[in-house]
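Trainee: According to the working numbering, the residues represented by the sequence shown are -3 to 119, in order.
Virtual Cβ for every residue (Gly too), placed ideally from N, Cα, C.
All values reported here derive from a predicted model rather than from experimental measurement.
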Amino acid sequence: MASMDISLKEMMAIDGSIGAAIVDHGSGMALGALGGSKDLDLQVAAAGNTEVVKAKLRTMDSLGLNDAIEDILITLGGQYHIIRPVSGRGGKGLFLYLALDRGRANLALARHHLKGIEEKLEI
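1) In the DSSP assignment, the beta strand (DSSP E) including His77 goes from what residue to what residue?
2) Quick one: Cα of Glu118 to Cα of Tyr76, how far?
3) Assign Ala64 to buried or exposed, taking buried as 16 or more other Cβ atoms, counted over all protein chains shown, within 10 Å of its Cβ.
4) Counting pairs of Cβ atoms below 8 Å between the stretch 28 to 46 and the stretch 3 to 19, do you hit three or more?
5) Of the choices Leu61, Pro81, Gly74 and Gly73, whose alpha-carbon is the least far from that of Val49?
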């Protein structure tokens, strides 16, 4: 089991990481964040990506899909943004958010590492 601080450090250790946050999608607030820059405000990203998660959950409900989101990938010209809902141990309503430099990151490995981090996270 890993704490939020350890999980954020592990997220930032993924090759190409530029910012990481653990977000409450009920409030849109980042419970913890590391990294970021003047071009990547993690508080703004947390709030905006909360709307992405809520929209996808509403769409799944409208379609009658009885399934769970594994992750959401947003591909930009120079970055990957991965949103991964936390599925267990009191993590309901939380998601991991990781922004990666597209030129330095291996997307498949980043998703694999993020899954492991999510599974160990204890809130």
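Mentor: Straight from the coordinates:
1) Boundaries of the beta strand (DSSP E) around His77: Gln75 to Pro81.
2) Answer to the nearest angstrom: the Cα atoms are 25 Å apart.
3) Ala64 is exposed by the Cβ-count criterion.
4) Look at the beta carbons and you see the stretch 28 to 46 touching the stretch 3 to 19: at least three pairs across the two are nearer than 8 Å.
5) Cα-wise, what sits closest to Val49 is Pro81.
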